[in-house]
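S.K.: Protein sequences appear in the order of chains A and B.
Going by the working numbering, the first sequence opens with residue 1152, and the numbers climb by one from there.
Going by the working numbering, the second sequence opens with residue 1152, and the numbers climb by one from there.
Even for Gly, the Cβ is constructed at its ideal location relative to N, Cα and C.
I have a structure I would like to understand better, so I am pasting it below and will then ask my questions one at a time.
Protein chains: 2
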Amino acid sequence: MTSRESVNASAVRDAGDVKSWDLEADVVVVGFGCAGACAAIEAAEAGADVLVLERASGGGGTSAMSGGLIYMGGGTPVQRACGYDDSPEEMHKFLIAACGPEADEAKVRMFCTESVAHFHWLVAHGVPFKHTFYPEPFMEPPTDDCLVYSGGEDAFPFDRIAKPVPRAHKPQYAGAAGGFLMQKLVSATERSGARILGDARCETLVVDRQGGVAGVVVRHDDAERCVRARRGVILAAGGFIQNREMVARYSPLLAKCSFKLGQDGDDGRAIRMAMGAGADIIRMDAGEVAIPLTPPRRLMRGILVNRVGQRFVNEDTYYGRAGQECLFHQDGRMYLIVDTAIYERNLAGMTATHVEDTVEDLERSLGMPAGVLVNTVAYYNHHAAQGHDPLFHKNAAMLQPLTTPPYAAIDCSTDKTLWATFTLGGLHTRATGEVLTPDDAVIAGLYAAGRTTSGIAAYGYVSGISLADGTFFGRQAGRTAASAAR
Amino acid sequence: MTSRESVNASAVRDAGDVKSWDLEADVVVVGFGCAGACAAIEAAEAGADVLVLERASGGGGTSAMSGGLIYMGGGTPVQRACGYDDSPEEMHKFLIAACGPEADEAKVRMFCTESVAHFHWLVAHGVPFKHTFYPEPFMEPPTDDCLVYSGGEDAFPFDRIAKPVPRAHKPQYAGAAGGFLMQKLVSATERSGARILGDARCETLVVDRQGGVAGVVVRHDDAERCVRARRGVILAAGGFIQNREMVARYSPLLAKCSFKLGQDGDDGRAIRMAMGAGADIIRMDAGEVAIPLTPPRRLMRGILVNRVGQRFVNEDTYYGRAGQECLFHQDGRMYLIVDTAIYERNLAGMTATHVEDTVEDLERSLGMPAGVLVNTVAYYNHHAAQGHDPLFHKNAAMLQPLTTPPYAAIDCSTDKTLWATFTLGGLHTRATGEVLTPDDAVIAGLYAAGRTTSGIAAYGYVSGISLADGTFFGRQAGRTAASAAR
Chain A
1152 MTSRESVNAS
1162 AVRDAGDVKS
1172 WDLEADVVVV
1182 GFGCAGACAA
1192 IEAAEAGADV
1202 LVLERASGGG
1212 GTSAMSGGLI
1222 YMGGGTPVQR
1232 ACGYDDSPEE
1242 MHKFLIAACG
1252 PEADEAKVRM
1262 FCTESVAHFH
1272 WLVAHGVPFK
1282 HTFYPEPFME
1292 PPTDDCLVYS
1302 GGEDAFPFDR
1312 IAKPVPRAHK
1322 PQYAGAAGGF
1332 LMQKLVSATE
1342 RSGARILGDA
1352 RCETLVVDRQ
1362 GGVAGVVVRH
1372 DDAERCVRAR
1382 RGVILAAGGF
1392 IQNREMVARY
1402 SPLLAKCSFK
1412 LGQDGDDGRA
1422 IRMAMGAGAD
1432 IIRMDAGEVA
1442 IPLTPPRRLM
1452 RGILVNRVGQ
1462 RFVNEDTYYG
1472 RAGQECLFHQ
1482 DGRMYLIVDT
1492 AIYERNLAGM
1502 TATHVEDTVE
1512 DLERSLGMPA
1522 GVLVNTVAYY
1532 NHHAAQGHDP
1542 LFHKNAAMLQ
1552 PLTTPPYAAI
1562 DCSTDKTLWA
1572 TFTLGGLHTR
1582 ATGEVLTPDD
1592 AVIAGLYAAG
1602 RTTSGIAAYG
1612 YVSGISLADG
1622 TFFGRQAGRT
1632 AASAAR
Chain B
1152 MTSRESVNAS
1162 AVRDAGDVKS
1172 WDLEADVVVV
1182 GFGCAGACAA
1192 IEAAEAGADV
1202 LVLERASGGG
1212 GTSAMSGGLI
1222 YMGGGTPVQR
1232 ACGYDDSPEE
1242 MHKFLIAACG
1252 PEADEAKVRM
1262 FCTESVAHFH
1272 WLVAHGVPFK
1282 HTFYPEPFME
1292 PPTDDCLVYS
1302 GGEDAFPFDR
1312 IAKPVPRAHK
1322 PQYAGAAGGF
1332 LMQKLVSATE
1342 RSGARILGDA
1352 RCETLVVDRQ
1362 GGVAGVVVRH
1372 DDAERCVRAR
1382 RGVILAAGGF
1392 IQNREMVARY
1402 SPLLAKCSFK
1412 LGQDGDDGRA
1422 IRMAMGAGAD
1432 IIRMDAGEVA
1442 IPLTPPRRLM
1452 RGILVNRVGQ
1462 RFVNEDTYYG
1472 RAGQECLFHQ
1482 DGRMYLIVDT
1492 AIYERNLAGM
1502 TATHVEDTVE
1512 DLERSLGMPA
1522 GVLVNTVAYY
1532 NHHAAQGHDP
1542 LFHKNAAMLQ
1552 PLTTPPYAAI
1562 DCSTDKTLWA
1572 TFTLGGLHTR
1582 ATGEVLTPDD
1592 AVIAGLYAAG
1602 RTTSGIAAYG
1612 YVSGISLADG
1622 TFFGRQAGRT
1632 AASAAR
């Protein structure tokens, strides 16, 4: 229980103890970010009476804080207009590799097969996309352009696993488009007929004699209200990155990251509520870990080395992948080494922390064991001059020997710069949104989607997956709950 | 639910649905390995009427399969007789560093402070220890000697964090002593007056209206029996390494290890039972990962390199630490590189997989990028000749340049040799043995110890910690449960 909480989230309420229901609906959606919105729209369009409960005063959630990238592919109209030939099979190959180990095959398959249809669904619900490509990868375009590479699809090893194409789609809005996306989805939710109650913080679930979920207890107007869900409750209330105790307990390495990406509501309350009703939690150690080294992408012509001066990853990969490699495998310590021909202040404002006339001096200044960084740079330069990276297979176009002094290091360690992180672990769900127990049994009346669950990205990550997970599997949960016979 | 299970472990039974209790005790202990035995002894000696339920026909569990090392220190009679000066403070410093990140400070502190007393308790309960030291580290001595280094206490970085002393104590029995230890603890349990019921597999917990645990449902003589626990149920039934689905779900990398250390009962059933009663699970991704590279220790004069030919760890550390580094940080791929002066077949029977007259040829034969292993060996040899390892600080006594051809590699990758593993994650408990919910609330009537819980070793591991955890925290759980007022 965190300090501000008055009721333990996992202490479920017995339905027999509910004297009267203050509110009722067929489907009760907890959380009004992209997953909650899409769940509500689908459920309402399937004919259900829907009530959305949001602890903030209005919709948006962490989705509205995001850049707005939505991972979609398999041949969307935008991909085709921009000359990229994609298929559900290539998309599947990429995601299984990039989101593993042990990515949820059923979720990935459904997500890839129905991705083009999902694009059209978003357009039909008011989300516009420009049919244009933007060449700088990973982050949302500063323009209103749409399509970007967002997961290292065109870098090793993925360029050898699946045909490289860009798949992150940004709604047509200049710059970060998460707020714009949520405006559109909130409007669509209102049009769907779903009722929306703001300033309503869910406290715990109501469970019936058979162990099924019958409703939620919510705090609203300074009073406790019991809300009956005739068909089901959908938890779509974000992850747990803002809950310090939970992060320490489940994923202590994530605690090292200075910038916790998420609004206050990402305190894992919905996860704990579901655990009280018997839900399993999986991949709780997993996290997205992004160091915004780029833009500009040219900085990745430098090399990333660990604390002893060894390279460990191809620098042209998605920076979230470099971040995960560093945090989980290199103790969170990493330097970007560049020469004067490459150096430039990056968009995030990271600047050189060490500058020296020779690599030997740089190595000494960094406190590295003598000779290792010198060897690393000599080996890299020798092969880069020939257009090869035998060690980590960086693309030839990004290979440029470091030969123009002075040389500089940017200390990218967790304690030295901004590392943005959020949690990827959560409730174990089926692709339908049904929540599972540790025995893989379905909990009647309980559904979940978005960062409250472990989604497509089991461990690895790709920019655009969270909004994709939330919107796509929010829809599945909404549809499943609406059709539940209880 | 695994295929052989008829009742979902996490589907708890409502006490109101129990028509009559078939058996009763103050304290019901589930599992009869070292944790269950010590819990039963303590509870019985505290005056409780104790019933031990074991699914096998007799006591022993995975503890009886072990080498018998028990981690104890702070100045035990054996340490003192062998000339080692230890203190609870030094032991605490070592364990916090070796068992982290985020080792449970309260558990480590209690464990260190009371370690000498725990040694005397074991002796008083019939477990003898010879007052001798055995110089080959990590594994149980083949003799009846007692004390060994078991966690890299005398290797970097721990030799700089705490005063290096050996702390693993083996009961006085030639060779693997886990079976001998369990004979003694089973006898002590019988003497304590605790009742023991074999061939009794626990199915699920019985929960009362207030959410407290009132008993267990057990399958015995082909019938279901309800067992009432007047003061509490203690879960001490091992980890989940033998449950393929749970390993895939919570720690997919452990699935790569070929040898799952544990008897059939380590199927995580007790963990799932507790989850059904609202328990939290933590560190579920953590695992012990041992590659028995030694003995003989002289092999560690070679170097361990990753798949591209870089070193990544000081080879003289505990092999379980090398194993964790390799599995979790190097994708489970590793080679031991030696020359003819060092090479010898090890005890586990690992032999050279690649032999060549030069390091260049060895590198080629291993399919590594040209020049990296050559650089690694040249750098290592240059400094080893001067008695230094600037990269990973291997002890001078273990440094020996690789200069006598032919050169050999032993492929130690997960798919090429025996990797022994078991799970370290489990129920979140207090040092007292009380089981916690995700809101850090105590579940009335429920206690746990041993590998069913996350213990002293949060992520890192040291040989001897599991029997230490089981015996020591089994005792705490027994004492706490016996004194519970319900």
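#1: Could you give the uninterrupted runs of the alpha helix (DSSP H) lying entirely in the region 1457-1533 of chain B, keeping only those of 4 residues or more?
#2: Any beta carbon of chain B sitting closer than 8 Å to that of LEU1542(A)?
#3: Counting C-beta neighbours from all protein chains within 10 Å, is the total for HIS1505(A) 16 or more, i.e. buried, or is it exposed?
#4: Taking the beta carbon of THR1631(A) as the centre, do at least 16 other beta carbons fall within 10 Å, making it buried, or is it exposed?
#5: Do you know whose CA, among ARG1352(B), GLY1611(B), GLY1538(B), lies nearest GLY1471(B)'s CA?
#6: Could you give the distance in angstroms between the alpha-carbon of PRO1639(B) and the alpha-carbon of ASP1482(B)?
#7: Within 8 Å of any Cβ in chain A, is that where the Cβ of ALA1473(B) sits?
#8: Let me know the secondary structure DSSP gives TYR1324(A) once reduced to three states.
#9: Any chance you could list the beta strand (DSSP E) runs of at least 3 consecutive residues sitting entirely within the region 1328-1407 of chain A, in chain order?
#10: Grab me the residues of ARG1602(B)'s own chain with a C-beta within less than 6 Å of its C-beta, minus the 5 sequence neighbours each way, in chain order.
#11: Evaluate contact between the region 1223-1232 of chain B and the region 1260-1277 of chain B, counting only Cβ atoms and requiring at least three cross-stretch pairs below 8 Å.
#12: Could you name the residues of chain B that ARG1602(A) contacts, counting a contact when the two beta carbons are closer than 9 Å?
#13: Which residues in the same chain have their Cβ closer than 6 Å to the Cβ of SER1605(B), if we skip the five residues on either side of it in sequence?
#14: Measuring alpha carbon to alpha carbon, tell me which of ASP1590(A), GLY1625(A), SER1402(A) ends up nearest TYR1598(A).
#15: Measuring only between beta-carbons, confirm whether PRO1589(B) sits less than 8 Å from chain A.
#16: Hey, how far is the Cα of ALA1313(A) from the Cα of VAL1259(A)?
#17: Excluding the 5 residues flanking GLY1416(A) on each side, which residues of the same chain have their C-beta closer than 8 Å to its C-beta?
#18: So, does the region 1231-1238 of chain A touch the region 1546-1564 of chain A, judging by three or more C-beta pairs under 8 Å?
#19: Report the rounded CA-to-CA distance for GLY1522(B) versus VAL1510(A), giving the unit in angstroms.
#20: With H, G and I counted as helix, E and B as strand and the rest as coil, what does DSSP make of ILE1312(B)?
#21: List the residues of chain A that GLN1537(B) touches, going by C-beta distances under 8 Å, in chain order.
#22: If distances are taken between C-alpha atoms only, which option among ARG1381(B), TYR1285(B), HIS1276(B) comes closest to VAL1342(B)?
#23: Can you name, in chain order, every residue of its own chain whose Cβ lies under 8 Å from the Cβ of LEU1618(A), other than the five neighbours on each side?
#24: Can you confirm whether GLU1256(A), when its beta carbon is compared against all beta carbons of chain B, has any partner nearer than 8 Å?
#25: Does GLU1375(A) come within less than 8 Å of chain B when only Cβ atoms are used?
#26: Return yes when the C-beta of HIS1371(B) is under 7 Å from any heavy atom of the ligand SAH, and no when it is not.
#27: Please state whether DSSP places LEU1455(A) in a helix, a strand or coil.
#28: Quick one: using the 10 Å Cβ neighbour count with 16 as the cut-off for buried, is GLY1621(B) buried or exposed?
#29: Whole beta strand (DSSP E) runs in the region 1236-1294 of chain B with 3 or more residues, listed along the chain?
#30: Output yes if chain B places a C-beta closer than 8 Å to the C-beta of PRO1403(A); else output no.
#31: How many angstroms separate the CA atom of SER1154(A) from the CA atom of TYR1401(A)?
#32: For GLY1438(B), which of helix, strand or coil comes out of DSSP?
#33: Any residues in the region 1408-1423 of chain A with a beta carbon nearer than 7 Å to a beta carbon of chain B? Which ones, in chain order?
#34: Is the shortest distance between the beta-carbon of GLU1354(B) and the beta-carbons of chain A less than 8 Å?
#35: Rounded to the nearest angstrom, what separates ARG1448(B) and CYS1563(B) at their Cα positions?
#36: Using beta carbons (cut-off 8 Å, strictly below), is PRO1520(A) in contact with chain B?
M.R.: In short:
#1: 1470-1475, 1510-1516
#2: In the first sequence, the residue the question calls residue 1542(A) occupies position 391. Interface residue, yes.
#3: Taking the first residue of the first sequence as position 1, residue 1505(A) is located at position 354. The residue is buried, with at least 16 neighbouring Cβ atoms inside 10 Å.
#4: On the first sequence, residue 1631(A) is found 480 positions in, with the first residue counted as 1. When all chains shown are included, THR1631(A) counts as buried.
#5: In the second sequence, residue 1471(B) corresponds to position 320, counting from 1. From the listed residues ARG1352(B), GLY1611(B), GLY1538(B), the smallest Cα separation to GLY1471(B) is found for GLY1611(B).
#6: Nothing about residue 1639(B) can be reported from this structure: the residues present for chain B run from 1152 to 1637 only.
#7: Against the second sequence, residue 1473(B) aligns to sequence position 322. Taking Cβ atoms only, chain A never reaches closer than 8 Å to ALA1473(B), which makes this a no.
#8: Your numbering for residue 1324(A) matches position 173 in the first sequence. In the structure shown, TYR1324(A) sits in coil (DSSP, three-state: anything other than H, G, I, E or B).
#9: 1346-1348, 1352-1358, 1364-1371, 1374-1386
#10: Taking the second sequence and counting its residues from 1, one reaches residue 1602(B) at position 451. So the qualifying residues of the chain are GLY1389, GLY1390.
#11: yes
#12: As a position in the first sequence, residue 1602(A) is number 451, starting the count at 1. Neighbours of ARG1602(A) on chain B: none; closest Cβ ~16 Å, over 9 Å.
#13: Along the second sequence, one-based indexing puts residue 1605(B) at 454. Excluding sequence neighbours, SER1605(B) sits near ILE1433, ARG1434, GLY1576, GLY1577.
#14: Taking the first sequence and counting its residues from 1, one reaches residue 1598(A) at position 447. With distances taken between Cα atoms, TYR1598(A) lies closest to GLY1625(A).
#15: Indexing the second sequence from 1 puts residue 1589(B) at position 438. With 8 Å as the cut-off, PRO1589(B) counts as an interface residue toward chain A.
#16: Numbered from 1 along the first sequence, position 162 holds the residue referred to as residue 1313(A). Numbered from 1 along the first sequence, position 108 holds the residue referred to as residue 1259(A). If I take the Cα positions, the gap works out to 15 Å.
#17: The sequence position of residue 1416(A) within the first sequence is 265, counting from 1. The residues are GLY1182, ARG1206, ALA1207, GLY1212, THR1213, ALA1388, GLY1389, GLN1393.
#18: no
#19: Counting from one through the second sequence, the residue named residue 1522(B) turns up at place 371. Counting from one through the first sequence, the residue named residue 1510(A) turns up at place 359. Distance between GLY1522(B) and VAL1510(A), taken at the CA atoms: about 20 Å.
#20: As a position in the second sequence, residue 1312(B) is number 161, starting the count at 1. Here ILE1312(B) sits in helix by DSSP.
#21: As a working mapping, residue 1537(B) is identified with position 386 in the second sequence. Those do not exist, as GLN1537(B) stays about 12 Å from chain A at its closest Cβ, beyond 8 Å.
#22: Numbered from 1 along the second sequence, position 191 holds the residue referred to as residue 1342(B). What sits at residue 1342(B) in the sequence shown is Arg, not Val. Among ARG1381(B), TYR1285(B), HIS1276(B), the Cα nearest to that of ARG1342(B) belongs to HIS1276(B).
#23: Position 467 of the first sequence holds residue 1618(A). Around LEU1618(A): CYS1185, SER1214, SER1217, GLY1219, LEU1220, ILE1221, TYR1222, GLY1329, LEU1332.
#24: As a first step, residue 1256(A) must be located in the first sequence, where it is residue number 105. Chain B, which has no Cβ nearer than 8 Å to the Cβ of GLU1256(A), makes this no.
#25: Position 224 of the first sequence, counting from 1, holds the residue named residue 1375(A). So no, GLU1375(A) is outside the interface.
#26: Annotation note on the ligand SAH: not contained in the displayed structure, which lists no ligands.
#27: Numbered from 1 along the first sequence, position 304 holds the residue referred to as residue 1455(A). It is a strand residue.
#28: In the second sequence, the residue the question calls residue 1621(B) occupies position 470. Result: buried.
#29: none
#30: Sequence index remark: in the first sequence, residue 1403(A) carries index 252 (1-based). The beta carbon of PRO1403(A) sits closer than 8 Å to some beta carbon of chain B.
#31: The residue you call residue 1154(A) lines up with position 3 of the first sequence. The residue you call residue 1401(A) lines up with position 250 of the first sequence. Residue placement at SER1154(A) is flagged as unreliable, the pLDDT there being 42, under the threshold of 50; the coordinate-derived value follows with that caveat. Rounded to whole angstroms, SER1154(A) to TYR1401(A) spans 19 Å at the Cα level.
#32: Your numbering for residue 1438(B) matches position 287 in the second sequence. Reduced to three states, the DSSP call for GLY1438(B) is strand.
#33: ARG1423
#34: To locate residue 1354(B), count along the second sequence from 1; it is residue 203. So, not an interface residue.
#35: Position 297 of the second sequence, counting from 1, holds the residue named residue 1448(B). Position 412 of the second sequence, counting from 1, holds the residue named residue 1563(B). For ARG1448(B) and CYS1563(B), the distance between alpha carbons rounds to 16 Å.
#36: Here residue 1520(A) corresponds to residue number 369 of the first sequence, with the count starting at 1. Judged by the 8 Å Cβ criterion, PRO1520(A) is in contact with chain B.
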